[in-house]
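Taking it in order: structure first as structure tokens, then the write-up.
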Amino acid sequence: MPDDVPSGFTVPPGWAGDVHEFDPHATPGFDGGKKKGEKHLLACDDSLADLQERLFAAHHGAASGGRSVLLVVQGMDTSGKGGIMRHVVGAVDPQGISITAFKAPTEEEKQHDFLWRIRPHVPAAGQIGVFDRSHYEDVLIHRVHGWADAEEIERRYAAINAFEKEITDSGVTIVKVMLHLSYAEQGERLMERLERPDKHWKFNPGDIDERGYWSAYMDAYSKALSATSTPHAPWVVVPADRKWYARIAVQQLLLQALGEIDPQWPAADFDVAEQTARLRETFASQG
């Protein structure tokens, strides 16, 4: 594996700062440009795939219990969430992955607590679960647009912390990523979607409206990160102006999470020598 360790910016518990402290164009932990970054991504693909397969195999057939990983990806529109899904998560065996993209809640979901629709998607043992947006929408967009008052937002922070502590205690390693994009870079990416017919399908006129709330979103992110970056589930702010860097940083976070779990290949539940002999007999019988 390469020596560089693209790390993003880990938000320590008790942090009371502002996301503007983190440079969205930086490449913390990595010394190099785009070409080196792309080589780094490819060089680490096999390690990530191997660890993911071992995690899946170690829990194959298990009824309950065990370890899993939950990757939570948050970010403003065009911050590169889709690229993370394709270039990082897409490098591993899909049978061990579950991706959930949380959209606006349905009428049924609105009748329940905001975590009701989240719980069924917590990854089972042996799985890597990915949330493309998540329960954090309920303390971000709801704060920005005033859909929940300050008291309710505080209640949700506490509920999120309790929920994440509950699932980490059950064996889930949580990796929480904020893809930190600059206002200028988002404008360029939106303009590209308008200028290229092959990207028109990605454009949503509402994205321009939401740019008018940029400062409010940055404030909402600052408050959410401050309230919910905990020892068991810390936030990592990943600079996202350079797409290639965001991908290798998230890849590294997954490698670290899986490496700490250190999943091992399960022992055979049969006599290997006996089955090898039986198989060799079949070779001769068809001669």
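Numbering (numbering that gives the first Met the number 0), first residue to last: 0 to 286. Heads up, the beta-carbon is just placed ideally off N, CA and C, and yes, glycines get one too.
Checklist entry - Short check: CB of Ala-276 to CB of Gly-79, under 8 angstroms? => result no
Checklist entry - How about Ala-239 and Pro-23: do their beta carbons lie closer than 8 angstroms? => result yes
Item to check | beta strand (DSSP E) segment containing Pro-238, residue limits | outcome: 234-238
Item to check | CB-CB length for Tyr-182 against Thr-227, believed under 8 angstroms | outcome: Contact flag wrong, Cβ pair sits at about 24 angstroms.
Checklist entry - Are the segment 120-131 and the segment 49-69 touching by the rule of at least three beta carbon pairs closer than 8 angstroms? => result yes
Item to check | Residue ranges of each beta strand (DSSP E) within the segment 158-206, 3 or longer | outcome: 171-179
Next on the checklist: Per DSSP, what are the beta-bridge partners of Ser-67 in this structure?
Outcome noted: Val-171
Checklist entry - Looking at the unbroken alpha helix (DSSP H) that takes in Ile-98, where does it start and where does it end? => result Counting along the chain, Ile-98 falls outside any alpha helix (DSSP H), though it belongs to the beta strand (DSSP E) covering 96-100.
Next on the checklist: Just verifying my parser: in three-state terms, what is the DSSP assignment at Gly-128?
Outcome noted: strand
Next on the checklist: Using the three-state DSSP reduction, which class does Gln-73 fall into: helix, strand or coil?
Outcome noted: strand
Checklist entry - Do you know offhand how far Ile-173's Cα is from Ser-221's? => result 19 angstroms
Checklist entry - Run through DSSP, which three-state label would Phe-113 get? => result coil
Item to check | Rounded distance between the beta-carbons of Val-138 and Tyr-216, thought under 8 angstroms | outcome: The pair is not a contact, with the Cβ atoms about 12 angstroms apart (cut-off 8 angstroms).
Item to check | Cross-strand partners of Val-10 (DSSP beta bridge) | outcome: Trp-234
Checklist entry - Sorted by chain position, which residues of the same chain lie with C-beta nearer than 7 angstroms to Asn-160's C-beta, five sequence neighbours on each side aside? => result Thr-227, Thr-229
Item to check | Sequence-distant residues of the same chain with beta carbon closer than 6 angstroms to Ala-256, five excluded per side | outcome: Val-68, Thr-172, Val-174
Checklist entry - Does the beta-carbon distance from Asp-112 to Glu-52 come in below 8 angstroms? => result no
Checklist entry - In three-state terms, what does DSSP make of Glu-258? => result First, the amino acid is wrong: residue 258 is Gly here, not Glu. Of the three classes helix, strand and coil, the one that applies to Gly-258 here is helix, per DSSP.
Checklist entry - Hey, would you say Gly-89 sits closer than 8 angstroms to Leu-180, going by beta carbons? => result no
Checklist entry - Buried or exposed: where does Thr-26 fall if 16 or more other Cβ atoms within 10 Å of its Cβ makes it buried? => result buried
Item to check | Ala-149 beta carbon near the ligand ADP (any heavy atom closer than 7 angstroms) | outcome: Absence of the ligand ADP is noted for the structure shown, with no ligands found whatsoever.
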